[in-house]
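In the working numbering, the protein residues as written are 9 to 697.
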């Protein structure tokens, strides 16, 4: 493949609900460009884009993959993204480097949740967008119905550039309203035909609407329009392109990717109307060592800069970093700076990735997407740049994962393997995280859904040879006291020679925070030298409460009396005496269990308010506030016991058809209700047995 200048490059991310045909579109595009001999099927596991073992086994896209191809003197980098919400991180990294988006819509299903989410991303990131109504050959396909849905939901800037030629099983192509030509497909070739007479009135009406849009992009064209003068084809194309790039026009196209209908037209439309990197404004970053804004553009002579948007970890090949060059160019054997890590990297062989196939190239120019293997310090989101002209671009903003599950090895002694495997996988997928909870001695994985976490554990097995089991996380309860107690702890032991003797009297009472120790010893009943041992003995006891063995908090101990023996007393004896007093003191001062409470912010469409609030109440939650949000959404703020929230990510998705999102953070500990406390204590005692 030859090296392209920025003006001839198109970086297009494919978005949409799961199963709408994104991967099949890349197959049809490759077939149309004569790069493959037949269109692969996701169900058969033989597509170029879905090459990972997990994708083939599950018959869905899990990873973002780049599919570069040449078409009519241009280079199009298709970025195929997963439609399942568990893999939202892949979508976010793809959007970061895309110039334009194509949202695919299933003609039989219309607008789905994935369509809405894709539209929100496009609006949020202000990316020029096409909508491609796919599966027009299906029995229930209805172009007009879906188009009306799109215009009602997303506004009048959604404009058809094509209408279908034929319908359902007789769908054979489309009519290009802009160029006033019909295109008929036979699965391989595309033939231009005159527009059928019975379609002419509909075409004229839509074309008139498009001409209004063209007129609104330029004052000279507006005057020409009002004077009744016809636009030239060049004026129409320039006007529409300007409107699309500014986001004022969203073209709607149609086709059937599985039968390769409409793909020629789509590729031509991408070349004609979607933005090249040259159409994007200069990109701003920070100087890594100075407090100043630095800017990079695609003009020649600019120093090299790029951003890594995806990492592929292979236990055999090593790490592959996919990047987009933002300015200058990258060549083999160059030495560059990783501005995030302040480390130099040596660039080895440069290549393009088409699925898993590597196409070696000597250089990647500004605006293009490339790949390099075996970088030592570089991870997803990092900036690579010229050593003499450093710049640091903003990272990729990933949604925080909120589903927690504990992971344990099936074989003893595999803990180290799990940790290193998860570390490598986190380099590949920064949208999940993991941590070792020292208190509960569990390794916790945080993902965006059950499927996300299952894929991670499956990769642990296939790539790193570690089999694991998933379980619910252990709740980090605490114990404290509600009452007061006054107790004696006496440790006396004779065993020939020196014995052991320690005797303390301690009052226990609730404290505001942590652990407080005080002493009120008069007359040396406990020598000063042994008082630190008493405190130490008590502090050691805090790790394991008397109710269920959980750490003890918010307690005050006052040492006020005791006795000692000249010969047999020792620090150890007083430590043991203190621990005996602690046990008695806790048991007689009304011990209670405390549970962690989290603050939960749930954003949902208004129609789900009743269900969500009812569900939070069932989880023993307290609603503390509500606030209207843009686009008909509502924010519900609640405080809920953490034990009720581990699977909330799954339940919220189910209750809101995946339209709801939430975040949660720890706020404090509160007393556990009696009935639940009894169950927790019983379970803890049973576990010890």
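Note that beta-carbon positions come from the ideal geometry of N, C-alpha and C, so glycine has one too.
Burial state of residue i (16 or more Cβ within 10 Å)
i: residue 642; result: buried
i: residue 367; result: exposed
i: residue 687; result: exposed
i: residue 376; result: buried
i: residue 196; result: exposed
i: residue 156; result: exposed
i: residue 28; result: buried
i: residue 671; result: exposed
i: residue 575; result: exposed
i: residue 497; result: buried
i: residue 460; result: buried
i: residue 509; result: buried
i: residue 235; result: exposed
i: residue 674; result: exposed
Candidates the options, of which the one nearest residue i by Cα
i: residue 423; options: 444, 310, 440 and 411; result: 444
i: residue 391; options: 357, 361 and 349; result: 349
i: residue 439; options: 24, 46, 66 and 95; result: 95
i: residue 701; options: 429, 25, 383 and 556; result: This structure cannot settle anything about residue 701, because the visible part of the chain is limited to 9 through 697.
i: residue 151; options: 119, 530 and 333; result: 119
i: residue 340; options: 329, 359, 316 and 105; result: 359
i: residue 137; options: 519, 18, 193 and 71; result: 18
i: residue 680; options: 605, 668 and 565; result: 605
i: residue 333; options: 466, 308, 232 and 282; result: 308
i: residue 433; options: 415, 465, 403 and 220; result: 465
i: residue 169; options: 26, 143 and 221; result: 221
i: residue 528; options: 564, 553, 558 and 569; result: 569
i: residue 178; options: 263, 258, 255 and 161; result: 263
i: residue 278; options: 258, 292, 296 and 291; result: 258
i: residue 630; options: 351, 269 and 647; result: 647
i: residue 316; options: 591, 216 and 400; result: 400
i: residue 658; options: 596, 413 and 448; result: 413
i: residue 446; options: 463, 483, 437 and 125; result: 483
i: residue 172; options: 291, 43 and 142; result: 142
i: residue 22; options: 69, 518 and 212; result: 69
Bridge partners - residue i, DSSP secondary structure assignment
i: residue 322; result: 326
i: residue 79; result: 82
i: residue 88; result: 22 and 73
i: residue 337; result: 373
i: residue 530; result: In DSSP, residue 530 forms no bridge with anything.
i: residue 13; result: The partner list for residue 13 (beta bridge, DSSP) is empty, contrary to what the question assumes.
i: residue 262; result: 141
i: residue 381; result: 328
i: residue 671; result: 609
i: residue 199; result: 192
i: residue 451; result: 415 and 444
i: residue 431; result: Note: residue 431 sits in no beta bridge, so no partner.
i: residue 512; result: 497 and 570
i: residue 294; result: 301 and 400
i: residue 114; result: 142
i: residue 123; result: Looking at the DSSP assignment, residue 123 forms no beta bridge with any residue, so it has no partner.
i: residue 679; result: 602
i: residue 186; result: Paired residue(s): none; residue 186 is not in a bridge.
i: residue 391; result: 315
Residue i in three-state terms, based on DSSP
i: residue 479; result: strand
i: residue 572; result: coil
i: residue 304; result: strand
i: residue 150; result: coil
i: residue 36; result: helix
i: residue 94; result: helix
i: residue 690; result: helix
i: residue 234; result: helix
i: residue 637; result: strand
i: residue 222; result: helix
i: residue 499; result: strand
i: residue 181; result: strand
i: residue 132; result: helix
i: residue 368; result: strand
i: residue 239; result: coil
i: residue 281; result: helix
Residue i CB to nearest heavy atom of the ligand ZN below 6 Å
i: residue 408; result: As for the ligand ZN, it is missing from this structure, which has no ligand bound.
Below-7 Å beta-carbon distance, residue i vs any chain D residue
i: residue 466; result: In the structure shown, chain D cannot be found, because there is only a single protein chain.
Report the start-end ranges of each beta strand (DSSP E) in the region 534-573 that is 3 residues or longer and not cut off at the edges. Counting whole runs of 3 or more residues, the region 534-573 contains the beta strand (DSSP E) stretches 563-571.
Runs of beta strand (DSSP E) wholly within the region 586-665 (minimum 3 residues, chain order): Counting only runs of 3 or more residues that sit fully inside the region 586-665, the beta strand (DSSP E) segments are 599-613, 630-637 and 641-649, in chain order.
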